[in-house]
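What follows is a set of notes on a single structure, which appears directly below.
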Amino acid sequence: MVEGTYIVIENLNKFGNDFRKQVEINFRKAAEVLKEKIKKNASVVDVHTRVWLAKNNFPYAARHGSIQIHKDKPYIVHHLTGSLEESITLVESIKESELFWYIFPDESKAPHAKYVIIGTKTLIGRNFLGGTLAESHDLIFDIIRGTAKGVGNIKPLKQVILERKL
Numbered sequence: 034m035v036e037g038t039y040i041v042i043e044n045l046n047k048f049g050n051d052f053r054k055q056v057e058i059n060f061r062k063a064a065e066v067l068k069e070k071i072k073k074n075a076s077v078v079d080v081h082t083r084v085w086l087a088k089n090n091f092p093y094a095a096r097h098g099s100i101q102i103h104k105d106k107p108y109i110v111h112h113l114t115g116s117l118e119e120s121i122t123l124v125e126s127i128k129e130s131e132l133f134w135y136i137f138p139d140e141s142k143a144p145h146a147k148y149v150i151i152g153t154k155t156l157i158g159r160n161f162l163g164g165t166l167a168e169s170h171d172l173i174f175d176i177i178r179g180t181a182k183g184v185g186n187i188k189p190l191k192q193v194i195l196e197r198k199l
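In the working numbering, the protein residues as written are 34 to 199.
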């Protein structure tokens, strides 16, 4: 016999609207965090300046076969003009009563974005979108999992079972 299922149903009924609101808040927060991380990885400022890249035979050149710097994060992009970073856009959309968030580079602001991501015959692509998502996976899910913590006084199932046995 499964004990405590009634409390799960009771919690969902009691906090249904609050829970949905909190889910939306946490998903929106997760989307904003991911957007900021993508912007950061799309515009890295470090010792690898334009001059340094030229002096070092352009380590992103396709002729090398693989990226020669930042091997732990081969998807990052160095800041040159800032247009790629500024193009990162977050759009919220509602479809059939479900919320969706899309994060993408706006090609009207950075027409070169798709070439940075997929590469060209002379440039190795750096998928800063997919790379950042993979890098941020645990953080994003921690934010989303926090939903129950932000809603009212929901009793954990384990606590309810213990109370009934006492």
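All residues carry an ideal CB built from backbone N, CA and C; glycine is no exception. A quick note: this is a predicted structure, and the numbers were derived from the prediction, not measured.
For K147, the enclosing alpha helix (DSSP H) stretches over residues 146-151.
For A143, the closest C-alpha among the options I127, A167, H112 is that of H112. Shown here, A75 sits in coil according to DSSP, grouped into three states, outside any helix or strand. When beta bridges are read from the DSSP output, E131 appears opposite K128.
Restricting attention to V56, R83, A95, N90, the CA atom closest to the CA of T155 is found in A95.
For the options E131, A167, Y148, the alpha carbon positioned closest to that of D139 is the one of Y148. Per DSSP, the unbroken alpha helix (DSSP H) holding L166 starts and ends at 161-178.
F161 counts as buried, since at least 16 other C-beta atoms from the protein chains shown sit within 10 angstroms of its C-beta.
A Cβ-Cβ separation of about 5 Å places A75 in contact with E118 under the 8 Å criterion.
Straight-line measurement puts the Cα of K106 at about 14 Å from the Cα of I157. In this chain, the alpha helix (DSSP H) harbouring R83 covers 83-88. Between L67 and K88, the alpha-carbon positions lie close to 33 Å from each other.
Membership of S120 in the alpha helix (DSSP H) is indicated by the continuous run 116-120. Around the Cβ of K72, a 10 Å sphere holds 16 or more other Cβ atoms; the residue is buried.
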